[in-house]
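Structure record follows, encoded as structure tokens.
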């Protein structure tokens, strides 16, 4: 796939830290700086949600106030509703991700709303962010399976995508919240989205709970996806999805794509070093295999 280019969004400071014990603002900024040094073009830095629900991200406004240190990086934040969108744009974020769970069980656990109610709010969130001159991405959680409801009917994902497009969102992403997707299922959902929704900037977010995360990411790229999420060191998981473990590791994704001739613009050695910083920040071993083994040429 020489000549193909994939844009990686680093989600470690948000998804990676949300299930960890709270770390200091200084340590978060240290991690963000290490990630910036890798050359990754996009970083999800925090989430504007209830500090009671996710105490590790209670300092969202404080993090946002320091992002001026790194011009040239597209910083984003995740929100779960209208109030979160208002807080994000007030804090200066120009890229906002609004999460909608495709399953009612996870939606109720996550935001205490049904999928239909959360979908109806896409328009209001979009108006708030666009009114501030920003970009909106709708991310569909539990796109393949839900820890409460079981397999997700693809029609539910397609329906959210259609509404998101009607509301004028800028980007759309499918997320494997509990790490159950496999390459074939990924290909089928992407194909269905393409057929039903047509042209839409599509991204994908995979967890490595069952060891298939990188295979799913590769399948997504092979079927036209050019925006992928990954987390430094493989940190992360959903606090509202029992059994969900870490994301695919950024450095491992870069390792695989680079060796295939797929451009990312991310420096592999710097990415491995950043995973080491992440390990130091959280104070325990991170899942990354590459952090242990190193690049194959070493």
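Residue numbers (my numbering): 3 to 300.
We put the beta carbon where it would ideally sit given N, CA and C, even for glycine.
Review point. Would residue 112 be called buried (16 or more neighbouring beta carbons within 10 Å of its own) or exposed?
Key: buried
- Query: Given a threshold of 16 other Cβ atoms within 10 Å of its Cβ, counted over all protein chains shown, does residue 92 qualify as buried or as exposed?
  - Reply: exposed
| request: Check whether the Cβ atoms of residue 62 and residue 130 lie closer than 8 Å to each other. | output: no
Open item on the list: Short of 8 Å in beta carbon distance, which residues of its chain neighbour residue 296, apart from the five on each side in sequence? Order them along the chain.
Closed with: 274
| Taking contact to mean at least 3 C-beta pairs separated by less than 8 Å, is the segment 157 to 174 in contact with the segment 247 to 267? | no
Going by C-alpha distance, which of 57, 287 and 95 is nearest residue 134? 95
Quiz prompt | Contact belief for residue 128 with residue 142 at Cβ below 8 Å, rounded distance in angstroms | solution = Their Cβ separation, rounded to whole angstroms, is 15 Å, which puts residue 128 and residue 142 out of contact at 8 Å.
#### Entry: Nearest neighbour of residue 208, chosen from 48, 291, 252 and 98 [CA to CA]
252
Classify residue 286 as helix, strand or coil using the three-state DSSP reduction. coil
C-alpha gap between residue 172 and residue 191, whole angstroms:
20 Å
* Exposed or buried, residue 155, counting other C-beta atoms within 10 Å across all chains shown (16 or more means buried)? -> exposed
Next on the checklist: Can you list, in chain order, the residues of its chain with a C-beta nearer than 7 Å to that of residue 101? Leave out the 5 residues immediately preceding and following it.
Outcome noted: 80, 82, 141 and 143
Check whether the segment 219 to 232 and the segment 23 to 36 are in contact - that is, three or more C-beta pairs closer than 8 Å. no
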